[in-house]
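Worksheet: one structure, shown below.
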Amino acid sequence: GDMVMKKQSTLDLEFMALLSEVMFGHGFAHYGYFEGGKAPDLTGQSLSNAQQAYFDKLADAIPDGVKTIFEIGSGTGANALALIGRGYDMTLLSPSVQMNQMAREKLPAGTEVIDATLEEFERDDMFDICLYAESFHYIDMTSALAKTERHAREGFVLFDYFRREAHRETDRTHSTHAEFLAALEAQGAFEVVSDEDVTAEIAPTFEIMNYVQTEKLAPFLERFRGELAREKPWRSWVLEKFAGKKLNRLATPSKRPGFFEEQNEYHLMVMKRRN
Ligand SMILES: C[S@@+](CC[C@H](N)C(=O)[O-])C[C@H]1O[C@@H](n2cnc3c(N)ncnc32)[C@H](O)[C@@H]1O
């Protein structure tokens, strides 16, 4: 049940990141940010541009004076590479061995990439800020806040989504925005400096993914599988036996239009340490 689901989604994430890396050359593993809440067209290219816009939005939120950043849930190192380009000193942490290897290959020698979950990371290094780009919701919230207090001298930046109250029960691993604020308040170490709801700007990501899956990928796979079944029945049998379910999933949108914004709210938040 649960373990298999977890593994599956890790593999999907890694595959998406690999595609982003080879198709568009950056390897961002986050959604797109669409200025004005509208995609100019439904292509992978505009999703890629929107992933870049997401990065720019994130980078602009980093408070002045910050030099060292601990990126938690660092994906393929795409944010880190661009932040190094902007002059920051980066340290990365992520449990994904595959993506960490991609990160090491693109980052300057000497940039540390730590193979671990934040929950199991036990060191006392201090950084100016911690950075969570679409990674906070993967991590146990209490543990994430405790570790942030332990590693962030000045504060942290969080760019991620929360479950809406009405959909709280659909997934126990995601917290609501109100739960996050309450946990932050209870901890007492940080205060919110800015909090922007960008759900509308993120939502077109799913319009593009749905379109690509239902209008492009699904008919392509259907034709491909039909042809294979006619011409190479034996190979077709093997493919269907071992990858049939996976292919069905690839061609089925995981989120119908409107689903994401109904269930989630995406926020860009900056927290600073209380004095
Ligand atoms: C959606 S990706 C975002 C990657 C990157 N921040 C970006 O913006 O492209 C989520 C990242 O969180 C990482 N992650 C998942 N569980 C984690 C945990 N418990 N502790 C730290 N990182 C985790 C994943 O391995 C992945 O690198």
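Residue numbers (this note's numbering): 123 to 397. Using N, Cα and C, we set each Cβ at its ideal position, and we do this for glycine too. All figures in this text were calculated on a predicted structure; none of them were measured in a lab.
{"query": "Span separating the alpha-carbon of residue 183 from that of residue 319", "result": "13 Å"}
{"query": "C-alpha gap between residue 188 and residue 205, whole angstroms", "result": "11 Å"}
{"query": "From 169, 391, 353 and 347, residue whose alpha carbon lies closest to that of residue 365", "result": "347"}
{"query": "Reduced DSSP category for residue 124 - H, G, I as helix; E, B as strand; rest coil", "result": "Low confidence applies here, because residue 124 scores a pLDDT of 39, under 50, leaving its location unreliable; read the following figure in that light. DSSP places residue 124 in helix when its eight states are reduced to three."}
{"query": "Close beta carbons around residue 263, own chain, < 8 Å, minus the five adjacent residues each side", "result": "297, 301, 302 and 305"}
{"query": "Own chain, CB closer than 7 Å to residue 143, minus 5 neighbours either side, in chain order", "result": "149, 198 and 224"}
{"query": "For residue 356 and residue 282, the rounded distance between their alpha carbons", "result": "46 Å"}
{"query": "Neighbourhood of residue 129 by C-beta distance below 8 Å, restricted to the same chain and skipping five residues each side", "result": "Since pLDDT at residue 129 reaches only 46, below the 50 mark, its modelled position is unreliable, and the value read off the structure follows with that caveat. Result list for residue 129: empty, nothing under 8 Å."}
{"query": "Contacts around residue 241, its chain only, beta-carbon distance under 7 Å, and the 5 residues preceding and following it disregarded", "result": "261, 262 and 265"}
{"query": "8 Å contact criterion, which residue 202 and residue 229 should meet: CB distance rounded", "result": "6 Å"}
{"query": "Endpoints, the alpha helix (DSSP H) within which residue 362 is located", "result": "355 to 372"}
{"query": "Contact check, residue 251 vs residue 268, beta carbons under 7 Å", "result": "no"}
{"query": "Contact test: residue 312 Cβ vs ligand 3 heavy atom, cutoff 6 Å", "result": "Ligand 3 is not part of this structure, which contains only ligand 1."}
{"query": "Residue range of the beta strand (DSSP E) that includes residue 250", "result": "249 to 255"}
{"query": "Buried or exposed (CB count within 10 angstroms, at least 16 for buried), residue 141", "result": "exposed"}
{"query": "Check whether residue 191 and residue 253 have beta carbons under 7 Å apart", "result": "yes"}
{"query": "Enclosing alpha helix (DSSP H) for residue 219 [first to last residue]", "result": "219 to 228"}
{"query": "Backbone secondary structure at residue 396 - three-state DSSP", "result": "coil"}
{"query": "Integer Cβ distance of residue 154 from residue 169, believed to fall under 8 Å", "result": "5 Å"}
{"query": "N-terminal and C-terminal residue of the beta strand (DSSP E) that residue 213 is part of", "result": "211 to 216"}
{"query": "Residue 400 vs residue 395 beta-carbon contact at 7 Å", "result": "The chain is shown from 123 up to 397; residue 400 falls before or after that span and cannot be answered."}
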